[in-house]
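To start, the structure itself, in structure tokens.
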Amino acid sequence: MPPLLPRLLAALAVLVFLFLPLQPLLAAGVDDYPAEAPQQRLIDPASLFSRSTAKELEHRLEDFEAGHVQAHLITVDRLDYGLELESLGAQMEERWSQANPGRDSNLLLLIDAQTNTASVVASPDLLMQLPQDLLISTADTTMGIPMRMGSRYRQASLDALNRLEVVLNGADDPGPPEQQVQVEIVTNIPTQAETAAGSGFTWVVVLLVVGTIVPMLTWWVFSR
270 MPPLLPRLLA ALAVLVFLFL PLQPLLAAGV DDYPAEAPQQ RLIDPASLFS
320 RSTAKELEHR LEDFEAGHVQ AHLITVDRLD YGLELESLGA QMEERWSQAN
370 PGRDSNLLLL IDAQTNTASV VASPDLLMQL PQDLLISTAD TTMGIPMRMG
420 SRYRQASLDA LNRLEVVLNG ADDPGPPEQQ VQVEIVTNIP TQAETAAGSG
470 FTWVVVLLVV GTIVPMLTWW VFSR
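For this note's numbering, add 269 to where a residue sits in the sequence shown, where the first one is 1.
Here it is in structure tokens:
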């Protein structure tokens with residue numbers, strides 16, 4: 270009689286391999302981004318923006334050149350383990366400043382697509398105009414709220430740039446834009462995420478059943 274346990278273990282091993290997360294292989298660190306500030310203002314490896322929105326943001330970021338500020342918007346698909354978004358921005362700003370010592374000040378807006386969080390990092394010489402409290406507030410509220418309320422990356426980016434530009438031009442901080450309160454409508458219709466989760470669970474069950482029954486049927490047929 271063919272041993273059944275090794276067959277079951279082999280089937281389970283295949284299932285585990287199929288469902289192992291591959292995202293850590295794509296984790297990003299500072300070395301995955303340009304060694305010096307690129308001419309392109311939007312760096313979007315996470316593909317958060319459509320082509321039209323990317324073009325709009327490019328023009329909006331270029332507007333900061335009038336104030337001798339090199340503004341960049343950077344998206345991250347998945348951070349390296351243990352690396353925080355603010356640390357990535359600080360490392361990137363330091364690297365770019367060292368690569369071009371006499372260049373304009375850097376202003377970096379970063380978006381983590383996995384957690385829907387943001388960070389704003391500025392060159393040390395900009396902190397007199399853009400205090401750290403303002404940068405944190407811009408990341409946490411001006412950018413964070415629209416992203417958490419529906420992944421509205423375009424709105425989050427434009428609102429943040431507008432707020433920072435106002436302060437750079439010498440006006441008072443307007444604060445984060447007012448957010449409309451969304452009333453959640455109770456419905457029995459599953460969301461896209463719930464549907465995807467249900468489908469994934471169904472496939473796991475099907476594969477487990479197949480991985481269990483097929484070896485048993487094979488043993489039964491060949492043992493007759």
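Every residue gets a Cβ at the ideal spot worked out from N, C-alpha and C, and that includes glycine.
Hey, could you find the ends of the beta strand (DSSP E) residue i is sitting in?
i, result
"Ser374", "Ser374 to Asp381"
By alpha-carbon positions, which one of the options ends up nearest to residue i?
i, options, result
"Leu433", "Ala382, Thr407 and Ser420", "Thr407"
"Glu362", "Asn385, Gly480 and Ala391", "Ala391"
"Ala387", "Gln401, Thr411 and Pro393", "Thr411"
"Val299", "Val338, Gln308 and Leu348", "Leu348"
"His328", "Gly480, Glu447 and Ser426", "Ser426"
"Ile414", "Leu404, Thr487 and Asn385", "Asn385"
"Lys324", "Glu334, Ile312 and Gly419", "Ile312"
Pull up the DSSP beta-bridge partners for residue i, would you.
i, result
"Thr410", "Note: Thr410 sits in no beta bridge, so no partner."
"Ala304", "According to DSSP, which records beta bridges pairwise, Ala304 is partnered with nothing at all."
"Ala440", "Answer by DSSP bridge pairing: none, since Ala440 is not bridged."
"Val299", "DSSP, once it has assigned bridges, lists no residue as partnering Val299."
"Ser388", "Leu379"
Tell me which same chain residues have a C-beta within less than 7 Å of the C-beta of residue i, skipping the five on either side of it?
i, result
"Ala382", "Ala315, Leu317, Thr344, Val345 and Asp346"
"Trp365", "Glu305, Ala306 and Asn375"
How is the alpha helix (DSSP H) around residue i delimited, first residue to last?
i, result
"Ala425", "Tyr422 to Leu437"
Among the residues of its own chain, which have a CB less than 6 Å from the CB of residue i, if the five just before and after it don't count?
i, result
"Pro379", "First, the amino acid is wrong: residue 379 is Leu here, not Pro. For Leu379, where only same-chain residues beyond five positions count, the Cβ hits under 6 Å are Ile343, Leu354, Gly358 and Ser388."
"Gln360", "Val299"
"Val283", "Below a pLDDT of 50, predicted positions are generally treated as unreliable, and Val283, at 48, falls in that range; the measurement from the model is reported next regardless. Around Val283: no qualifying Cβ."
"Ile482", "none"
Can you list, in chain order, the residues of its chain with a C-beta nearer than 8 Å to that of residue i? Leave out the 5 residues immediately preceding and following it.
i, result
"Glu297", "For the record, residue 297 in the displayed sequence is Ala; it is not Glu. Around Ala297: Pro314, Val345, Asp346, Arg347, Leu348, Asp349 and Leu357."
"Asn369", "Glu305 and Ala306"
"Ser374", "His337, Val338, Gln339, Ala391, Ser392, Asp394 and Leu395"
"Leu330", "Arg310, Leu311, Ala340, His341, Leu342 and Leu430"
Run the proximity test for residue i: is its beta-carbon closer than 7 Å to any non-hydrogen atom belonging to the ligand ADP?
i, result
"Thr386", "The ligand ADP is not part of this structure, which contains no ligands at all."
*May I have a chain-ordered list of the alpha helix (DSSP H) segments no shorter than 4 residues that lie completely inside the region 309–386?*
Runs found: 320–331 and 354–368.
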